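I have placed the structure first, in the form of structure tokens, so that the comments after it can refer back to it.
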């Protein structure tokens, strides 16, 4: 099975594929596979369904990067840290029909996808080895998907708190310690007042292009009301979340020529939720993949965004999404 | 001019292009420009040379993201930090001839490129506003270069210490505080002993695929002897550095079908070098761009590497680079 290895310098974890590693030659000019209904695994093969929620099917990844064969146990390897890649890796098949993009699902179908994430998160939280659960989507080749055709997303439940999650938690906590207010709540207030970076909003959610956007048309969806946890946070507001997500994805599809994109549910770590209740505020990062990250970004973690987020928001707001 | 904006959550900086921003429509299906000698800016136009070193020419970026028009001054914008994008942004035109890749330059030419980086770094250090200087290369479309044909690299001198640099410094310092030894020196020793991840070596340098590689065929070049600073560190060893870099880039070119790649000189921050003298060890990260970063990596900073670094190193070692 795969290994989890930790970079000794910055503490970043990598899942290293070992047994099922791609051979070196497989990296030379890999091709994307675009499937039609007849060649689609999710349409033709009998799926081994592990959970189902209003038409959304949850299956094990066919190429799992994490499993439960060996327990998680950190070991030294000289100066390095290594362990078995314990965890859960699932695919969320969002719809029975062969529809490629979430933008083309109904509000009800998108709502069911978010509810399926919440149900799986609730499930994996019961596994005491799990520290973090990420639900995310890769849409299109540039977003890291190599098999295109049937709308789906993924869930990874891992036994460590990833570095970038720690950075978010730590930043939000510093702000809360100083102000006694949630950083994200203040951000939402300021964006509602300023208006320039708002892409869409409804009763429960706001979609904004962040002030220090890393990528052109990067958009965050935040609940207007404070809530640290996605799972309980979407109770009663899942329809509004589906509405704003469909709205945003249609703006991307129509305005930016159906770009590749990723989205990631940014939730608090699993353990000790009381630590995050006041100072963390769940949200979703959505990122079209229109540019390439170059050496400067890779070398410093300092990004270059070739369009101001105010201009990106204005452009997205003006896309005509109703026929 | 551009702005520097800081993400209020994790403290990451972004350069936001404002005046010269690309219009939204320009993000739809952008094309790479592949130049021949006749259409090459670096061959045909009279270059405004600001520094020259054995055939290597330093010019201002034609599309500078940083300049010296306004002083660096952090300002609040509600909860956000914003400032003018003060700094230096230069292009290193590596060779007079229209040669696309550094792999095809001579050892002497590559040596001159590294010496030119050192000379420019020494120059920019005299600017008291500068906190960090990155020399880096984007080769090929997938590496973020859109104008292909004439071998060049870039220098950015910025007025803040970037987040990822802080992470490295902090990790190396924790190790030094505990062991009273340099983390990178111990890493070099362990890799020399283990041998599995060595791609190449000579008297002064070792090239290894890191234990927790983020990307397939990611390779780091480290000086075998401790040195915290690239500028003074390459004195007397620049030829060996050129030899190992050319060796590595030829292995990429021949073994991986001339892939896009980035490299970044990972040096210590500019100010208070005494703080880094014992615990930091300069090095170069070199990364072929063969896969796409997907949602999981973006959402967590936790990477998935589809080939073990031991297999990648073995593959690169076995590439026949001498005709």
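Protein chains in written order, with this note's numbering: chain A, 8 to 330; chain B, 8 to 330.
Beta carbons: idealized from backbone N, C-alpha and C, even for Gly.
Only a predicted model underlies this, so the values are computations on that prediction, with no experimental measurement involved.
Reduced DSSP secondary structure (H/G/I, E/B, other) of residue i
i	result
residue 64 of chain A	strand
residue 266 of chain A	coil
residue 231 of chain A	coil
residue 145 of chain B	strand
residue 258 of chain A	helix
residue 165 of chain B	strand
residue 239 of chain A	helix
residue 298 of chain B	coil
residue 283 of chain A	coil
residue 1 of chain A	Past the edges of chain A, shown from 8 to 330, lies residue 1 of chain A, and the structure says nothing about it.
Neighbour list for residue i in chain B, Cβ cutoff strictly below 8 Å
i	result
residue 270 of chain A	302
residue 144 of chain A	302
residue 273 of chain A	306
Within-8 Å CB hit, residue i to chain A
i	result
residue 134 of chain B	no
residue 230 of chain B	no
residue 170 of chain B	yes
residue 71 of chain B	no
residue 318 of chain B	yes
residue 187 of chain B	no
residue 203 of chain B	no
Enclosing beta strand (DSSP E) for residue i [first to last residue]
i	result
residue 290 of chain A	290 to 295
residue 212 of chain B	212 to 215
residue 10 of chain B	10 to 13
residue 205 of chain A	205 to 208
is_contact[residue i, chain B] using C-beta, thresh 8 Å
i	result
residue 20 of chain A	yes
residue 252 of chain A	no
residue 312 of chain A	yes
residue 259 of chain A	no
residue 25 of chain A	yes
residue 38 of chain A	no
residue 87 of chain A	yes
residue 150 of chain A	yes
residue 112 of chain A	no
residue 248 of chain A	no
Contact test: residue i Cβ vs the ligand FMN heavy atom, cutoff 7 Å
i	result
residue 281 of chain B	No copy of the ligand FMN appears in this structure; indeed no ligand is present at all.
Closer than 8 Å at the beta carbon, the chain A residues around residue i
i	result
residue 292 of chain B	305 and 306
residue 13 of chain B	219
residue 199 of chain B	In chain order: nothing, as chain A lies at least about 12 Å away.
residue 299 of chain B	148, 149, 150, 151 and 296
Boundaries (first-last residue) of the alpha helix (DSSP H) holding residue i
i	result
residue 309 of chain B	Counting along the chain, residue 309 of chain B falls outside any alpha helix (DSSP H), and DSSP gives it neither H nor E.
residue 126 of chain A	114 to 131
residue 318 of chain B	316 to 325
residue 201 of chain A	190 to 201
residue 109 of chain A	Counting along the chain, residue 109 of chain A falls outside any alpha helix (DSSP H), and DSSP gives it neither H nor E.
residue 186 of chain B	170 to 186
Per-residue contacts from residue i into chain A (C-beta, under 7 Å)
i	result
residue 16 of chain B	175, 178, 179 and 190
residue 141 of chain B	303, 306 and 307
7 Å Cβ cut-off: residues of chain B touching residue i
i	result
residue 236 of chain A	Those do not exist, as residue 236 of chain A stays about 16 Å from chain B at its closest Cβ, beyond 7 Å.
residue 223 of chain A	34
Interface partners of residue i on chain B, CB under 9 Å
i	result
residue 165 of chain A	307 and 309
residue 315 of chain A	10, 23, 24, 25 and 28
Contacts of residue i in chain A (Cβ-Cβ under 9 Å)
i	result
residue 322 of chain B	30, 31 and 32
residue 193 of chain B	15, 85 and 86
Checklist entry - Which runs of the beta strand (DSSP E), 3 residues or longer, sit entirely within the segment 16 to 101 of chain B? => result 20 to 23, 56 to 60, 63 to 67, 82 to 84, 87 to 91 and 95 to 100
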